[in-house]
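I have placed the structure first, in the form of structure tokens, so that the comments after it can refer back to it.
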Amino acid sequence: MLYPNLKTIYQPKSVAEALDLMHKHGPAAKWIAGGTSRSLRARQNLEVLIDLQGLNLAAVVNLEGHVTLGACTTLATIARHQLLTKCWGGVIAEAAAASASTPLRNLITVGGNLVGLATWSDLPVALLATDALVVIEGPTSRRVAITDFFANHPSKLLTYEELVTRIELTNDVTRQGKFIKSARTNFDYALVDVAVTLKLEADKTKDVRIAIGAVEVLPRRLNEVEAVVEGSVVTDALIARVQEKTKAAITPRSDFRASSDYLRELTSVLVGRALKAASGLASDSKEE
Amino acid sequence: MKITVTINGKQHSIEIEAGERLLDMIRKLGLWGTKFGCGEGDCGACTVLLDGKPVNSCLVLAARVDGHEILTIEGLGTPDNPHPLQTAFAELGAVQCGYSTPGTILAAYALLQTNPNPTDDDIKQAIDGNLCRCTGYVKRIEAIKRAVAIVQEESK
Chain U
207 MLYPNLKTIY QPKSVAEALD LMHKHGPAAK WIAGGTSRSL RARQNLEVLI DLQGLNLAAV
267 VNLEGHVTLG ACTTLATIAR HQLLTKCWGG VIAEAAAASA STPLRNLITV GGNLVGLATW
327 SDLPVALLAT DALVVIEGPT SRRVAITDFF ANHPSKLLTY EELVTRIELT NDVTRQGKFI
387 KSARTNFDYA LVDVAVTLKL EADKTKDVRI AIGAVEVLPR RLNEVEAVVE GSVVTDALIA
447 RVQEKTKAAI TPRSDFRASS DYLRELTSVL VGRALKAASG LASDSKEE
Chain Y
1052 MKITVTINGK QHSIEIEAGE RLLDMIRKLG LWGTKFGCGE GDCGACTVLL DGKPVNSCLV
1112 LAARVDGHEI LTIEGLGTPD NPHPLQTAFA ELGAVQCGYS TPGTILAAYA LLQTNPNPTD
1172 DDIKQAIDGN LCRCTGYVKR IEAIKRAVAI VQEESK
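Line order of the protein sequences matches chains U and Y. With my numbering, the residue at position 35 of the first sequence is 241, and numbering never jumps. With my numbering, the residue at position 4 of the second sequence is 1055, and numbering never jumps.
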């Protein structure tokens, strides 16, 4: 039995109905979307689940220059969606494709991936390199910038009655970008995730965003490293400075998979490679 | 609770418990081709096609497939008339203990439905959720390529 004590699964047909059900049955009741991480924790005592799959939140839509990702959109859909392979340098689609495995990508939803935020989650890192807004509905509605959403673990930001319903971002196809996940295999948890997006105006970089994940407890933008790049032409000398700045800017974790020294070195190299690729500078080394 | 689900083309009305895994529901019906491996979505031995897409049935609640379609390995080919994937896996010796085979074949079948001419990378990605401790993976990839060739020969 997956949930030995489960008595009821509600299957609401609208967000309003879902919120009403959670108001009545929560906080003991839990939301379920893909269910891939829900089923790995809190299994024994769970009695009530509220299924989000019937809420029509599984679409990627382009409306008036904005791309909206419904919270129940699966990683598989995101990985191959033509809107997402084209905007923001394609980093969102790249990150989704680099996550987990084929059957899991058909279950994992972007909402669950963001709210559950594991240290190794890939998609949040790519979204941090965009202007994404997270739309939360509950007793009140609010929109939170992605950088604020990950300022702490999202479980601290959301009350039990709140639901992420969609992510909105500008359909910006003028950017270049690169996402890199470092792991032994695609299915392996990330050791390091890097996402870089930028614009190029006559060779000079503009609006540079550099995000890392898996290295520290929370994913984040490296503002101090972005400042080194912003407005400059990307050269090998600049990349060397970027790598040194990255090493100084991060506090990598240390665990059985890698030492913090190794992660520091690895992250700096990958930030350099991602920047090189995003700016179109010819690469002389093999991408890992 | 009762659900209605189409399995291998046939509609079933099944009494299930709210917290039951799809995997267990399938096996209780006597469809033992779908295996319990890790129970955590890591090995893929439990892979079935849900509305044509591979999923880990150990992580899916049976209650959530009400009104949906499932394909298990029993729904693909017959002993007298095997699917080219099944022929190819046998021909190339890509089956050893067989535990990972049903899930892998279904994942490959899902790939060929949408991509009849996959590259090696497409194949590797399609079966990246199906772990295999016996074969070392090479023969499974060759078997899928062989199946593609068989299908192309047959369609001439």
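Ideal placement from N, C-alpha and C gives every residue a C-beta, glycine not left out.
Nearest-angstrom beta carbon gap, residue j and residue i [assumed within contact, 8 Å]
{"i": "I1058(Y)", "j": "T1123(Y)", "result": "7 Å"}
{"i": "E368(U)", "j": "G344(U)", "result": "4 Å"}
{"i": "V297(U)", "j": "T403(U)", "result": "6 Å"}
{"i": "P1105(Y)", "j": "A1069(Y)", "result": "The pair is not a contact, with the Cβ atoms about 25 Å apart (cut-off 8 Å)."}
{"i": "A277(U)", "j": "V316(U)", "result": "6 Å"}
{"i": "V400(U)", "j": "V370(U)", "result": "That pair is no contact at about 24 Å."}
{"i": "H272(U)", "j": "T376(U)", "result": "6 Å"}
{"i": "A332(U)", "j": "R311(U)", "result": "With a Cβ gap of about 14 Å, A332(U) and R311(U) do not count as contacting."}
{"i": "V254(U)", "j": "H287(U)", "result": "About 33 Å separates the two Cβ atoms, so there is no contact after all."}
{"i": "A1158(Y)", "j": "T1098(Y)", "result": "6 Å"}
Residues near residue i by beta carbon distance below 6 Å, same chain, minus five either side
{"i": "A1194(Y)", "result": "A1139, F1140, L1143, A1145"}
{"i": "G1128(Y)", "result": "H1134, Q1137"}
{"i": "Q217(U)", "result": "D257, G260"}
{"i": "S1151(Y)", "result": "A1096, N1181, C1183"}
{"i": "A1198(Y)", "result": "P1135, L1136, A1139"}
{"i": "K1110(Y)", "result": "Contrary to the premise, residue 1110(Y) reads as Leu rather than Lys in this sequence. The answer, listed in chain order, is G1092."}
{"i": "D1102(Y)", "result": "H1119, E1120"}
{"i": "R244(U)", "result": "I238"}
{"i": "S485(U)", "result": "V440"}
{"i": "K219(U)", "result": "G260"}
{"i": "Y366(U)", "result": "G232, P233"}
Contacts of residue i in chain U (Cβ-Cβ under 9 Å)
{"i": "E1071(Y)", "result": "M207, L208, Y209, L212"}
{"i": "A1158(Y)", "result": "T308, P309"}
{"i": "Q1147(Y)", "result": "By Cβ distance, chain U contributes nothing, its closest Cβ being about 21 Å from Q1147(Y), past 9 Å."}
Proximal residues of chain U, C-beta to C-beta of residue i below 7 Å
{"i": "P1105(Y)", "result": "T308, P309, N312"}
{"i": "E1091(Y)", "result": "L246"}
{"i": "Q1176(Y)", "result": "T308"}
{"i": "T1098(Y)", "result": "P309"}
Chain U contact residues for residue i, given Cβ-Cβ distances below 8 Å
{"i": "G1180(Y)", "result": "A306, S307, T308, P309, L310, F393"}
{"i": "E1066(Y)", "result": "None at all; the shortest Cβ gap to chain U is about 15 Å."}
{"i": "G1095(Y)", "result": "S307, P309"}
Of the listed residues the options, nearest to residue i (C-alpha basis)
{"i": "A299(U)", "options": "T280(U), L428(U), Q250(U)", "result": "T280(U)"}
{"i": "L289(U)", "options": "L255(U), A265(U), P309(U)", "result": "A265(U)"}
{"i": "K362(U)", "options": "A446(U), L320(U), E430(U), V254(U)", "result": "L320(U)"}
{"i": "D413(U)", "options": "N262(U), K219(U), T274(U), N429(U)", "result": "N429(U)"}
{"i": "K405(U)", "options": "R415(U), V398(U), L397(U), D399(U)", "result": "R415(U)"}
{"i": "A446(U)", "options": "F385(U), A480(U), D461(U), R463(U)", "result": "A480(U)"}
{"i": "P458(U)", "options": "L397(U), A401(U), Y209(U)", "result": "L397(U)"}
{"i": "A433(U)", "options": "V421(U), A455(U), D442(U), E422(U)", "result": "A455(U)"}
{"i": "L208(U)", "options": "E1204(Y), A1200(Y), A1113(Y)", "result": "A1113(Y)"}
{"i": "F385(U)", "options": "L476(U), I373(U), D378(U), L444(U)", "result": "L476(U)"}
{"i": "S307(U)", "options": "L227(U), A338(U), F393(U)", "result": "F393(U)"}
{"i": "G1060(Y)", "options": "L1100(Y), V1189(Y), G1149(Y), Y1188(Y)", "result": "L1100(Y)"}
{"i": "E1066(Y)", "options": "T1098(Y), D1117(Y), Q1203(Y), T1186(Y)", "result": "D1117(Y)"}
{"i": "E270(U)", "options": "L212(U), D378(U), A234(U), G241(U)", "result": "D378(U)"}
{"i": "A301(U)", "options": "V221(U), S474(U), I418(U)", "result": "I418(U)"}
{"i": "I373(U)", "options": "T365(U), A222(U), N268(U)", "result": "N268(U)"}
{"i": "H359(U)", "options": "E422(U), L212(U), A464(U), R247(U)", "result": "E422(U)"}
Contacting residues, own chain, Cβ-Cβ under 8 Å from residue i (five flanking each side not counted)
{"i": "F356(U)", "result": "L323, P330, L334, L424, P425, R426"}
{"i": "H1063(Y)", "result": "T1055, V1056, T1057, L1080"}
{"i": "S1206(Y)", "result": "none"}
{"i": "G437(U)", "result": "K410, T411, K412"}
{"i": "S460(U)", "result": "S466, L469"}
{"i": "Q1176(Y)", "result": "none"}
Contacts around residue i, its chain only, beta-carbon distance under 7 Å, and the 5 residues preceding and following it disregarded
{"i": "G1084(Y)", "result": "T1123, I1124, E1125, P1153"}
{"i": "A303(U)", "result": "A285"}
{"i": "K492(U)", "result": "With a pLDDT of 46 at K492(U), under the threshold of 50, the predicted position of this residue should be treated as unreliable, though the coordinate-derived value follows. Nothing meets the Cβ criterion."}
{"i": "R348(U)", "result": "I342"}
{"i": "T291(U)", "result": "A299"}
{"i": "V1166(Y)", "result": "It should be noted that the sequence gives Asn, not Val, for residue 1166(Y). Cβ neighbours of N1166(Y) beyond the five flanking positions: D1173."}
Beta-bridge partners of residue i, as assigned by DSSP
{"i": "Y1188(Y)", "result": "Its beta-bridge partners do not exist; DSSP assigns none."}
{"i": "A299(U)", "result": "DSSP output for A299(U) lists no bridge partner at all."}
{"i": "L369(U)", "result": "E343(U)"}
{"i": "Q382(U)", "result": "L404(U)"}
{"i": "T315(U)", "result": "T280(U)"}
{"i": "W237(U)", "result": "I256(U)"}
{"i": "H1119(Y)", "result": "DSSP output for H1119(Y) lists no bridge partner at all."}
{"i": "T1057(Y)", "result": "Q1062(Y), E1120(Y)"}
{"i": "L212(U)", "result": "Answer is none; L212(U) lacks a bridge partner."}
{"i": "N268(U)", "result": "V273(U)"}
Residues that residue i contacts on chain Y, provided the C-beta gap is smaller than 9 Å
{"i": "L227(U)", "result": "What L227(U) touches in chain Y: nothing, since even the nearest Cβ is about 15 Å away."}
{"i": "I215(U)", "result": "M1052, A1069, G1070, L1112, A1114, R1115"}
Contact test: residue i Cβ vs the ligand MN heavy atom, cutoff 7 Å
{"i": "L281(U)", "result": "The ligand MN is not part of the structure shown, which contains no ligands of any sort."}
Within chain Y, partners of residue i - CB distance below 7 Å
{"i": "D257(U)", "result": "R1115"}
Listed by chain order, chain C residues near residue i by CB distance under 8 Å
{"i": "V1111(Y)", "result": "Note that chain C does not occur in the displayed structure, where the protein chains are U and Y."}
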